[in-house]
Each structure stands twice: as C-alpha cells, then as structure tokens.
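One structure below.
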Amino acid sequence: MSASEQTFPADFTFGVATAAYQVEGGIENDWAEWERAGRLKAPDARCGAAVDHWNRYEEDYALARAVGATAFRISLEWARIEPERGRFDEAALEAYRERLLKMKAHGLRPVVTLHHFTHPTWFHRETPWHQPASVDVFRRYAKRCAALLEGLDALVISFNEPMVLLLGGYLQGAIPPGIADGPTTMRAMENLVRSHVAAREELLARLGRVELGISQNMLAFAPDRWWHPLDRALVRLGAQAYNHAFHEALATGRLRVTMPGVASTRVDIPGARDSVEFIGVNYYTRAHLRFVPRPPFIEFKYRDIHGRGLTDIGWEDWPEGFLQTLRDVRRYGKPVWITENGIDDRKGARRPHYLHTHLAQVLTARAQGVDVRGYLYWSLLDNFEWLEGWGPRFGLYHVDFDTLRRSPTPACDYFRAVATSRTLAPPDAVRPAGG
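Under our numbering, the first residue of the sequence shown is numbered 3, with each subsequent residue one higher.
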C-alpha cells in the first residue's frame with residue numbers, strides 16, 4: 003500500500019461493541035431460563051452478574067476512550083424494559099437514558115441495538131416470532147426505545163444477526179426458543195423483516211430522522227471439496243440465504259430464501275424497501291461447506307488450510323474473506339459499518355496481528371470504492387459468550403471473572419495507536435504506552 007492507502011480519514015470511526023446480556027448482569031430473560039435448563043455446552047454455566055457493566059458503565063466508557071474509541075455499541079435489554087407483556091419499567095428506561103447521555107458526555111457516539119438475541123420470558127410463550135402478534139409487540143417496544151434516543155445522533159441497529167437467531171433458535175433448536183422446523187423458521191423470518199419496518203416507523207415518528215440498519219453476521223464460504231459440484235452449489239446458496247437475504251429484503255422489499263429440502267419463502271414486504279441507511283457487517287471467519295445425503299444436506303466446518311492456526315474458539319483466521327464480504331455489500335449502495343469483528347484469543351498474543359490484518363482489508367475495501375464509515379471491535383471486554391459460556395475471550399481488556407478487574411491486553415496499545423494516529427502500522431512498530 004502507498005502511504006495514503008495506509009491511512010484512515012479523519013471522519014472514520016473507531017469504536018467498540020458490547021451486548022446487554024453478555025456484560026450487564028442481573029437480567030432475567032429467555033437465555034437465563036435456557037441456562038437453568040442446562041442447555042449450554044457447560045450445563046452449569048450461568049451468566050449471572052456477567053461483568054457488571056450495569057454498575058461499572060462509566061468505568062467502561064473511560065476504558066473505551068483510553069484506547070481511542072469514539073463510538074460505543076450497546077444493546078437495550080428488552081426484558082429489563084418490558085418484564086411483563088404491556089408493563090414497561092420506567093426506572094429501567096430512565097437508567098438506559100442516563101447511560102446513553104453519559105456515554106455521549108464521554109465523547110462516545112452511541113450505537114444502539116434494539117434486539118441482540120434475547121427476549122423477555124413471556125415472549126416465546128405469548129407472541130413468538132412465527133406469529134403475527136410479534137410485530138405488534140416489537141413495534142410497541144421500539145416506540146418506547148425511540149424516546150431514549152432523542153438528541154443523541156445514535157446509530158441504530160434494529161436486529162443483531164437475525165440469521166443466527168433464526169438458524170440457531172428455529173431451525174436447529176440450539177438456542178431459545180428451541181424450535182427445529184423449517185416452515186416455522188420462514189414465518190419467523192418474515193415477521194422479523196416486518197418488525198424492522200415497524201421499528202423504523204416508530205423511530206421516524208419520534209426522532210424525525212434515524213440512521214438505521216441491521217447487524218448481519220456474514221461468513222466467507224468455500225466448498226469443502228473444491229471439485230465437487232454440490233459443494234460449490236451449497237456455497238452459492240449459503241452465501242445468498244445466510245449473508246444476503248435480510249440485506250436484500252431491506253433494500254428491495256422482497257424476501258427470497260431457498261433452503262432445498264428444508265424450507266423456502268418468497269414474500270414481498272413493500273414497507274421494507276429502502277428501509278436502511280447503512281449496511282451493518284459482523285465478520286469473523288470462513289466456513290467450508292460439504293453436501294451430505296441427509297437432511298439438512300449440509301455440513302460445515304472450519305479448516306486451517308493456510309497453517310495460521312484456528313482461533314481459540316476453533317474458527318479459521320481468514321482476513322481475505324473480510325475484503326470479499328465488504329466488496330459484496332457494495333451492491334446495496336449504502337454506507338457500511340463494521341459492527342463486529344474480533345478474535346477469541348485467550349492468551350492475548352494474537353489479537354494485535356488479527357487487528358492489523360483485518361484493518362488492512364478495510365483500507366483495501368475503501369480504496370476499491372466500498373464506503374466503510376466505521377469499525378467496531380468485538381468486544382471491549384471479555385464477557386459471557388452465549389452457548390460457549392465463560393471460555394472465549396474476545397476483549398481488548400482482559401476481565402478476571404472472579405474479581406471483575408479489567409486489565410489491558412497487548413491489543414489495547416495497538417488499537418489506540420491506529421485509532422489515534424489514523425495510520426495502520428504493523429504491530430511490532432507500535433510502542434507500548436509509556437514505553
């Protein structure tokens with residue numbers, strides 16, 4: 003790269019990302035019920051107090067600023083806000099408003115997710131996503147959330163990783179609500195799109211304007227057997243259904259998903275057309291797909307083809323796929339925000355290199371015409387990682403889960419150097435703070 007190609011512009015945003023259930027603590031929702039039912043990989047794991055961000059939020063805002071971040075992604079916990087159907091907790095709403103105002107006062111732009119996987123305990127029993135009533139209750143929730151955002155110039159995400167929620171919760175039954183049925187999955191998908199539209203309407207009614215998108219987990223895909231035509235066909239189908247179905251629905255108003263032998267949907271939702279101001283991309287890895295002659299006819303795996311070593315959670319380190327993903331979303335003609343990108347690095351030694359190689363792809367994508375506006379690292383802190391429990395460590399800051407003490411990993415110095423200088427240098431060229 004030339005010197006200019008190694009430099010981020012002054013208005014490019016570096017930030018960090020979190021999610022309520024994973025960091026706040028003290029939340030009673032569908033995931034808390036799932037844990038008590040022993041449904042995690044470690045059946046006795048409990049999120050519990052998480053990392054106590056609910057009480058330590060100002061400390062954590064200061065940590066974000068200390069690494070040069072100027073944006074902070076949180077999610078609002080629906081179970082706090084509406085613990086019983088139709089009853090909103092005014093104290094919880096006031097507490098979130100206070101946290102957002104203090105975030106802004108710390109020099110951090112709020113990036114606010116309305117739905118990050120979790121639900122109130124009543125939701126799946128009374129108004130699950132595969133029923134039309136789900137749209138009405140999400141609209142009502144979004145209307146109350148809109149008031150929290152006044153005057154904040156927040157970037158807003160309606161749904162985090164809707165395909166993960168649907169595949170995990172409705173097709174595989176591995177996460178709440180634990181359903182494993184293809185047609186039900188499609189009905190839920192349609193209602194998630196409608197709920198995004200409903201939320202948009204409520205946000206616009208209250209705020210006048212809004213920067214709204216979804217945060218979509220996007221995988222690079224490769225055939226497990228490069229020579230096998232069915233593996234190659236799965237890559238095409240997988241990329242379209244998993245990576246692009248939601249983005250395309252919110253661009254065109256047409257939801258088109260084909261999962262041969264499982265389920266499909268073709269539905270027009272006119273209100274969804276051009277219903278986002280940006281494209282949110284979560285990128286972590288590449289998956290290799292293999293056709294198998296039994297439902298669901300697909301097997302995926304992570305392979306260390308290039309000898310880089312799988313990450314500690316077992317994912318391939320494949321920054322090249324990040325560039326291809328960013329190129330792929332250029333088709334939507336919208337600004338792009340990287341709403342998550344990170345590595346499970348339990349010793350902390352690999353993260354600076356991971357940041358360097360992935361940020362290099364961002365610069366290359368920008369040079370090739372992709373309008374990437376910001377990069378939010380997942381995550382500021384080590385936290386509770388869903389089905390994986392307390393094992394993975396994605397944080398810029400290491401958290402002692404016994405004492406909850408936060409301490410910087412080597413990546414803090416590297417992230418700070420890039421974010422403040424706007425220049426991408428190799429990790430070994432960055433001197434530790436005070437060094």
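The beta carbon of each residue, even a glycine, is placed where N, CA and C say it ideally should be.
For F14, the three-state secondary structure derived from DSSP is coil. Just so you know, the alpha carbons of L426 and G27 end up roughly 35 angstroms apart. The count of Cβ pairs closer than 8 angstroms, one atom from the stretch 332-342 and one from the stretch 279-286, reaches three, so the stretches are in contact. In this chain, R353 is not harboured by any beta strand (DSSP E); it is covered by the alpha helix (DSSP H) spanning R353 to A369. Here the C-alpha atom of G371 lies approximately 14 angstroms from the C-alpha atom of F10. Non-local beta-carbon contacts of R189 in its own chain, meaning distances under 6 angstroms to residues more than five positions away in sequence, involve H132 in chain order. Runs of the alpha helix (DSSP H) lying entirely within the stretch 154-237 and spanning at least 4 residues, in chain order: 164-168 and 184-209. The beta carbon of D62 sits closer than 6 angstroms to those of H55, all from its chain and outside the five residues before and after it, given in chain order. The residue among F14, A71, A351 and R238 with its C-alpha nearest the C-alpha of Y379 is A71.
In this model, R238 and A222 are separated by some 11 angstroms (Cα to Cα).
If you look at R418, you'll find it in the alpha helix (DSSP H) that goes P412 to S423. Under DSSP, no beta-bridge partner is assigned to G263.
According to the DSSP assignment, E342 belongs to no alpha helix (DSSP H) but to the beta strand (DSSP E) extending over V338 to E342.
Residue A81 holds the alpha-carbon nearest to the alpha-carbon of F125 among A81, V294 and N193. For A431, no alpha helix (DSSP H) run applies, since DSSP gives it neither H nor E. Separation of the CB atoms of V199 and A274 is rounded to 5 angstroms, and the pair is thereby assigned contact status at 8 angstroms.
In the same chain as E86, and ignoring 5 residues on each side of it, the C-beta atoms closer than 7 angstroms to its own belong to W124, in chain order.
Shown here, R256 sits in a strand according to DSSP, grouped into three states. By the beta-carbon neighbour count (other beta carbons within 10 angstroms, threshold 16), N57 is exposed. Just so you know, the alpha carbons of R310 and F396 end up roughly 18 angstroms apart. The shortest C-alpha to C-alpha distance from K106 to any of L157, V212 and V137 is the one to L157. Just measuring C-alpha positions, the residue of A148, E100, R141 and E30 sitting nearest P122 is E30. In terms of Cβ geometry, Q218 and M261 do not form a close pair [threshold 8 angstroms]. When secondary structure is reduced to three states using DSSP, N31 falls in the coil class, being assigned neither helix nor strand. In the structure shown, the three-state DSSP call for L150 is helix. Exclusion of the five residues before and after A176 leaves G170 as the residues of its chain whose Cβ lies within less than 6 angstroms of its Cβ. In the DSSP assignment, the residues bridged to W380 are A19. In this structure A421 does not touch F74 by the C-beta definition: roughly 13 angstroms separates them, more than the 8 angstroms allowed.
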